[in-house]
Amino acid sequence: MFFTTLLRVLNFGFQNFKRNFWLSLVTVFILILTLFSISLVFTLNVVADNAIKSVKDQVDIDIFFDPTVPEDKVIAVQAYLESISEVKSTKYVSKEEALQKFTEAHKDDPQIKESLDELEENPLPSALIVKAQRLEDYSSIVINLDNSEYSHLISSRNFEDNQVIIDRLTRITDRIYQFGIGVSAIFILIAILVVFNTLRMNMYTQREELSIMRLVGAQNLFIRMPFIIESVLYGILASVITILILFPLLSAVSPYIDSLFEGYDFNMFAYFTANFWVMLGLQILISIVISVISSMIAISRYLRV
Amino acid sequence: MIKLRNVTKTYPGTHVAIKNVNLHIKPGEFVSIVGQSGTGKTTLAKLIIAEEKPDKGKIIIGGWDITKIKNSEIPVLRRQIGVVFQDFKLLPKKTVFENIAFALQVSGAPVKKIKAIVPQVLKVVGLDDKEDRFPDQLSGGEKQRVVIARSLVHRPKILLADEPTGNLDAINVREIIDLLLKINKFGTTIILVTHNPDIVNNLRRRVITLDQGQVISDQKTGRYIL
């Protein structure tokens, strides 16, 4: 009994879909556009998050010491810094290491090599590279250090530039994200209206059948469910097609995006492949929610028993 | 079986469709409701199948006060009242068999039951040889017989026929009325809404006459008096 009912209701739902085929196609198309814009916002969000994260990972404070400061003093500062809870790690770069890195970096530049050779002493300062637990902690570490007994040992530090970059990046991605959400919201609204209208048209074409159903005492289930099934069908079809378009597209675009992240551990396509089922599930969920909301509105307005 | 107590129904913006109507129809009766167009006959029919709700008064069918009926209970009521209308309301793309089966399908009947009942009701209306025809291939009288067959699938206790002969010629009218009498013999209460004096005068059954929404006469073996 339950099974026959289910089969019949499903069958009616598929019939609805087929009956106004072109209208159904347009509806699915609009849903695809909606899902596509949502996916784009989502992709953008992933890329932006990774961009910010990789920049954040690179953030540190370089503390440079006067060349006259002896090594044991620097080690003492390092010990002090590590006792601060906000500090995640510190790394000591001695004068010699600094020189080595510097010559390595500029080995193709004969002028620099010459001027270095002319100097008798190593001109480079020793340094401490400090990483904080969280991005917000840097300023408090700097303040802490400035107020400590070691402040006079420090010749300079670079920190502010990073904060500016991060702020700017966050602002840009936030703006893009807001814009994307706005566009998606408009698409969602359009999709709800289009699905609603399609179902309304279907109810109109079937008014005879529906009135007969009511007359002969059809269960409300038989009158309403086919329209819900029809709308769920739109949703599933749209999500599957969207995924089928989206993934090849992502794999084509991925190398360009990845090249922006050179040197970082980020592969966009791999990220999406790893989250394939989550994405498909989310798409189906979103499109079904959209279409079921519209069918509920259409049913409550035009299918009163 | 059917009781109406002080039933009044007004459509907004128009005159009163039904005014203070009291009726009692017993099981197994054959009642004709007559009156000129616009006197509230169809409104009365719609009230009985709960397609409309009265503004005042009570309608009780088989002990069930349908003035307080819930939407989810309406299908249950409709299966106890077979309905036949002037416009046949058959689905043109379905065969005779499928049209009748449709009524059973949408109330969740299993296939086995459908296969058993449809031939039975087709036999009652005398169309058992035409189950594969489409409505377009049938005469007006045959179409109306299909509709009657469809209204019988739930074995209703009441059959409500609103102008069932309105679109038919004299011979077909006779056939349909004979069919209704046959169904009445099985024990089904028949309510026939009509404005055709010949039918009523030939029937010699109870006649309720409506005028401007009110019952102006109720005779046991009546004649068309308007």
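Protein sequence lines correspond, in order, to chains P and Y. Residues 2 to 306 in this note's numbering are what the first sequence lists, from first letter to last. Residues 7 to 232 in this note's numbering are what the second sequence lists, from first letter to last. Even glycine gets a Cβ: it sits at the ideal position worked out from N, Cα and C.
On the premise that residue j lies in contact with residue i, defined as a C-beta separation below 8 Å, what is that separation, rounded to the nearest angstrom?
i, j, result
"GLN284 of chain P", "LEU36 of chain P", "5 Å"
"ILE166 of chain P", "ILE291 of chain P", "With a Cβ gap of about 39 Å, ILE166 of chain P and ILE291 of chain P do not count as contacting."
"ALA299 of chain P", "LEU234 of chain P", "About 15 Å; that fails the 8 Å criterion."
"LYS32 of chain Y", "LEU216 of chain Y", "19 Å between Cβ atoms; not a contact."
"LEU82 of chain P", "THR91 of chain P", "5 Å"
"VAL22 of chain Y", "GLY219 of chain Y", "5 Å"
"ASP61 of chain Y", "THR20 of chain Y", "That belief does not hold up - the Cβ atoms of ASP61 of chain Y and THR20 of chain Y are roughly 13 Å apart, past 8 Å."
"ILE39 of chain P", "SER185 of chain P", "5 Å"
"TYR178 of chain P", "VAL279 of chain P", "Wrong, their Cβ atoms sit about 19 Å apart, outside the cutoff."
"LEU245 of chain P", "ALA52 of chain P", "With 8 Å as the limit, LEU245 of chain P and ALA52 of chain P do not qualify as a contact, their Cβ atoms being about 28 Å apart."
Looking only at its own chain, which residues have a Cβ that is under 7 Å from the Cβ of residue i, when we skip the five neighbours before and after it?
i, result
"PHE108 of chain Y", "LEU97, LYS100"
"LEU11 of chain P", "ILE230"
"ASN173 of chain Y", "GLN92, GLY146"
"PHE103 of chain Y", "VAL124, GLU137, ASP138"
"ASN145 of chain P", "ILE85"
"TYR303 of chain P", "ARG201, MET204"
"GLU35 of chain Y", "THR195, ARG212"
"LYS57 of chain P", "LEU136, ILE167"
"ILE113 of chain P", "HIS107"
"ALA51 of chain Y", "LEU166, ASP168, VAL199"
"ILE258 of chain P", "VAL48, MET269"
"ALA133 of chain P", "GLU87, VAL88, LYS89, TYR139, ILE142"
"LYS25 of chain Y", "THR14, GLY219, GLN220"
Pull up the distance between the alpha-carbon of residue i and that of residue j, whole angstroms please.
i, j, result
"MET7 of chain Y", "ILE67 of chain Y", "6 Å"
"GLY88 of chain Y", "GLU79 of chain Y", "16 Å"
"LEU154 of chain P", "VAL131 of chain P", "16 Å"
"SER140 of chain P", "ASP61 of chain P", "11 Å"
"ARG172 of chain P", "LEU7 of chain P", "52 Å"
"LYS149 of chain Y", "LEU24 of chain P", "33 Å"
"LEU187 of chain Y", "GLY63 of chain Y", "31 Å"
"VAL27 of chain Y", "ASN12 of chain Y", "5 Å"
"GLU57 of chain Y", "THR73 of chain Y", "11 Å"
"LYS96 of chain P", "PRO126 of chain P", "6 Å"
"ASP307 of chain P", "PHE66 of chain P", "Given that chain P is displayed from residue 2 to residue 306, the structure contains no residue 307 of chain P and the question cannot be resolved."
"GLN81 of chain Y", "ALA271 of chain P", "Note on identity: in this sequence residue 81 of chain Y is Pro, with Gln being the wrong assignment. For PRO81 of chain Y and ALA271 of chain P, the distance between alpha carbons rounds to 55 Å."
"LEU166 of chain Y", "VAL90 of chain Y", "6 Å"
"LEU100 of chain P", "TYR151 of chain P", "24 Å"
"LEU53 of chain Y", "LEU32 of chain P", "43 Å"
"ILE5 of chain Y", "GLU210 of chain P", "Lying outside 7 to 232, the shown extent of chain Y, residue 5 of chain Y is not represented and no answer is given."
"ASP184 of chain Y", "LYS191 of chain Y", "11 Å"
"ARG9 of chain P", "LYS59 of chain Y", "31 Å"
"ILE289 of chain P", "GLN164 of chain P", "42 Å"
"ILE182 of chain Y", "ILE294 of chain P", "47 Å"
"VAL127 of chain Y", "LYS226 of chain Y", "30 Å"
"SER296 of chain P", "SER240 of chain P", "18 Å"
"PHE140 of chain Y", "VAL152 of chain Y", "11 Å"
"ALA253 of chain P", "LYS19 of chain P", "34 Å"
"ASP147 of chain P", "PRO71 of chain P", "19 Å"
"PHE277 of chain P", "GLY183 of chain P", "25 Å"
"PRO124 of chain P", "SER55 of chain P", "32 Å"
Leaving out five residues on either side along the sequence, give the residues of the same chain with a beta carbon under 6 Å from the beta carbon of residue i.
i, result
"ASP224 of chain Y", "ILE214"
"ASN17 of chain P", "ASN203, PRO227, GLU231"
"PHE273 of chain P", "LEU251"
"GLN79 of chain P", "THR91, TYR93, LEU129"
"VAL75 of chain P", "PHE66, SER127"
"GLU122 of chain P", "none"
"LEU281 of chain P", "ILE244"
Leaving out five residues before and five after residue i in sequence, what residues of the same chain have Cβ atoms less than 8 Å from its Cβ?
i, result
"ASP142 of chain Y", "PRO98"
"ILE222 of chain Y", "THR215, LEU216"
"MET214 of chain P", "PHE223, ILE224"
"VAL206 of chain Y", "SER38, VAL40, THR200, VAL213, GLY228, ARG229, TYR230"
"ASN159 of chain P", "ILE62, ASP63"
"ARG135 of chain P", "GLU87"
"ARG85 of chain Y", "SER113, HIS160, PRO162"
Exercise. Could you please tell me which residues of the stretch 203-232 of chain P, in chain order, have their CB closer than 9 Å to any CB of chain Y?
Key: GLU209, GLU210, SER212, ILE213, MET214, ARG215, LEU216, VAL217, GLY218, ALA219, GLN220, ASN221, LEU222, PHE223, ILE224
- [ ] Name, going along the chain, the residues of the stretch 4-33 of chain P whose beta-carbon falls closer than 9 Å to a beta-carbon of chain Y.
- [x] THR5, THR6, ARG9, PHE13
- Does the stretch 89-98 of chain Y come close enough to the stretch 30-45 of chain Y that 3 or more CB-CB pairs lie under 8 Å? no
key: Proximal residues, the stretch 103-119 of chain Y versus chain P, C-beta separation under 9 Å   = Answer set for the stretch 103-119 of chain Y: ASN105, PHE108, ALA109, LEU110, GLN111, VAL112, SER113, GLY114, ALA115, PRO116, VAL117.
contact_flag[the stretch 105-120 of chain Y, the stretch 171-185 of chain Y] where n(CB pairs < 8 Å) is 3 or more: no
Can we say the stretch 121-131 of chain Y touches the stretch 258-277 of chain P, given the rule of at least three CB pairs closer than 8 Å? no
(Q) If contact is defined by three or more beta carbon pairs under 8 Å, each pair taking one atom from either stretch, is the stretch 47-58 of chain Y in contact with the stretch 197-210 of chain Y? (A) yes
Indicate whether the contact test is met: 3 or more Cβ pairs, each with one atom in the stretch 247-262 of chain P and one in the stretch 45-65 of chain P, closer than 8 Å. yes
Note to self: Closer than 7 Å between beta carbons: that is the criterion. Which residues of the stretch 41-69 of chain Y meet it against chain P?
What the structure shows: Taking 7 Å as the Cβ-Cβ cut-off, the stretch 41-69 of chain Y has no residue approaching chain P.
Quiz item: Taking Cβ-Cβ distances below 7 Å as the criterion, which residues of the stretch 89-100 of chain Y are in contact with chain P?
Solution: Going along the stretch 89-100 of chain Y in chain order, one finds VAL89, LYS95, LEU97 with a Cβ nearer than 7 Å to chain P.
Please identify, using Cβ separations under 8 Å, the residues of the stretch 142-175 of chain Y that lie next to chain P, in order along the chain. The stretch 142-175 of chain Y vs chain P, Cβ under 8 Å: ARG156, SER157, VAL159, HIS160.
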